[in-house]
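Residue numbers (the UniProt record's numbering): 1 to 291. Note that beta-carbon positions come from the ideal geometry of N, C-alpha and C, so glycine has one too. Small disclaimer: the values here were computed from a predicted structure and weren't measured.
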Amino acid sequence: MNKKKIIIFSFLVIMFFYLVWSNVTFMTTRYTIESGKIPKEFDGFKIVQLSDLHNANFGKDNSKLIKTIKKQKPDMIAVTGDFIDGSKPNVKAAEEMAKNLVEIAPCYYVSGNHEASLEKSKFDEFIEVIKGYGVNVLENDVSSINKNEVNIQIVGLQDLSFLERDAGADNSEDIKLEDFVDSDYSALENNEKINKDLYTIVLEHRPTFIDYFSEKDTDLVLTGHAHGGWLRIPFVGGLVAPDQGLFPKYDTGKYTKDDTVMIVSRGLGNSIIPFRVNNRPELVVVELKSK
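In structure tokens form, the structure reads like this:
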């Protein structure tokens, strides 16, 4: 084997092991969100966001992931959908993971499109089990967190796929994303469940609604779904993402529209494409700062 072939072979071997390593390990990404609307009682309030796990495992029974979450000492854990993988669902593993999460901090859950692919009876049973463990399931609902008699509120929206499922395959194309969010969010507002005077965090699986949430004066939105664009091109960004197609606008990171901040997690697992390229799985940590 000549020198050129050795160099090429060595490069391919290195790239192979890098690809494997970058798919079986995860990184922690941190964001600090400052706002005058955040009460001083919530200064330093820490949120761990877990998105798009897809039944992935990091260590036996996700021991490495759980250990990392514990080290963050979160005040709240937000699960923003696709906790279960629809193609090869392991509901029991997801239930056990949920049980571990509530032992660390109060846990808030919203569904993703993959949960909608489960049989309705299995999904309903899963929800009842994790509720029994103490998970706050927010499917078009509002909850509040109190510290020293001061509140912030958490709004959770069920994924669009459930509306498509319930409407039937023939009608799903007639459902517009904007109409879906408007109907659910407006229903909460009309029921006076949402207090606009409180700092409001929305948990929603898909990242394509920032314009809408900005109009509603939402403060912080935590989303996932885009998987970081699958293959990340240096200086360009993600290649392709669900709902957004090629070169998605919202693939990962922090986005701002007026006074609304949206965090898009790259997620932890994979779905249709079983691997990532230059796009490590991530655990997101958000710290609130009062100013």
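Relative to VAL48, the option among GLU192, HIS114 and VAL264 whose CA is nearest is VAL264. According to the DSSP secondary-structure assignment, GLY156 is paired through a beta bridge with ASP141 and LEU203.
Its Cα nearest to that of LEU198, the residue ASP217 stands out among ARG232, VAL181, ASP217 and ALA94.
Within the DSSP secondary-structure output, MET97 pairs in no beta bridge.
Within the segment 44–130, the complete alpha helix (DSSP H) segments of 4 residues or longer fall at 63–72, 91–102 and 113–116, listed in chain order. For SER214, the enclosing alpha helix (DSSP H) stretches over residues 210–215. GLY269 has its alpha-carbon roughly 20 Å from the corresponding atom of LYS254. Using a 10 angstroms sphere on the CB of ASP166, the tally of other CB atoms stays under 16, which defines it as exposed.
Of all alpha-carbon atoms in GLY238, LEU203 and LEU50, the one lying nearest the alpha-carbon of VAL221 is that of LEU203.
By the beta-carbon neighbour count (other beta carbons within 10 angstroms, threshold 16), PRO74 is buried. Following the DSSP letters along the chain, one finds TYR31 in no alpha helix (DSSP H) but inside the beta strand (DSSP E) bounded by residues 27–35. The secondary-structure analysis by DSSP pairs VAL240 across a beta bridge with LEU246. Contact between the segment 105–122 and the segment 155–162 is established, with three or more Cβ pairs separated by less than 8 Å. Here the segment 274–288 lies against the segment 230–239, with 3 or more beta-carbon pairs under 8 Å apart. Under the three-state reduction of DSSP, LYS289 is assigned to strand. By a beta-carbon distance limit of 8 Å, PHE126 contacts VAL91. Their separation comes to about 5 Å. Bounds of any alpha helix (DSSP H) do not take in VAL277, whose DSSP letter is neither H nor E. Where VAL264 is concerned, the enclosing beta strand (DSSP E) starts and stops at 260–264. Three or more beta-carbon pairs drawn from the segment 183–197 and the segment 134–154 are found closer than 8 Å, and the two stretches are therefore classed as touching.
Taking C-beta atoms under 8 Å as the contact rule, ILE201 and ILE130 fail to qualify, at a distance of about 20 Å. In the DSSP annotation of this structure, the continuous segment of the alpha helix (DSSP H) that includes LEU19 starts and ends at 3–24.
Counted as a single uninterrupted DSSP element, the beta strand (DSSP E) harbouring LEU222 occupies residues 220–223. If you draw a 10 Å sphere on the C-beta of VAL20, you find fewer than 16 other C-beta atoms in it, and that means exposed.
Between PHE26 and LYS257, the alpha-carbon positions lie close to 29 Å from each other. Taking GLU149 as the centre and dropping the five residues before and after it, the same chain places no C-beta closer than 7 Å to its C-beta. DSSP, read as helix, strand or coil, puts VAL181 in helix. Using a Cβ distance threshold of 9 Å, ARG266 and ASP85 do not count as a contacting pair. LEU283 sits away from GLY44, with the two beta carbons spaced by 9 Å or more.
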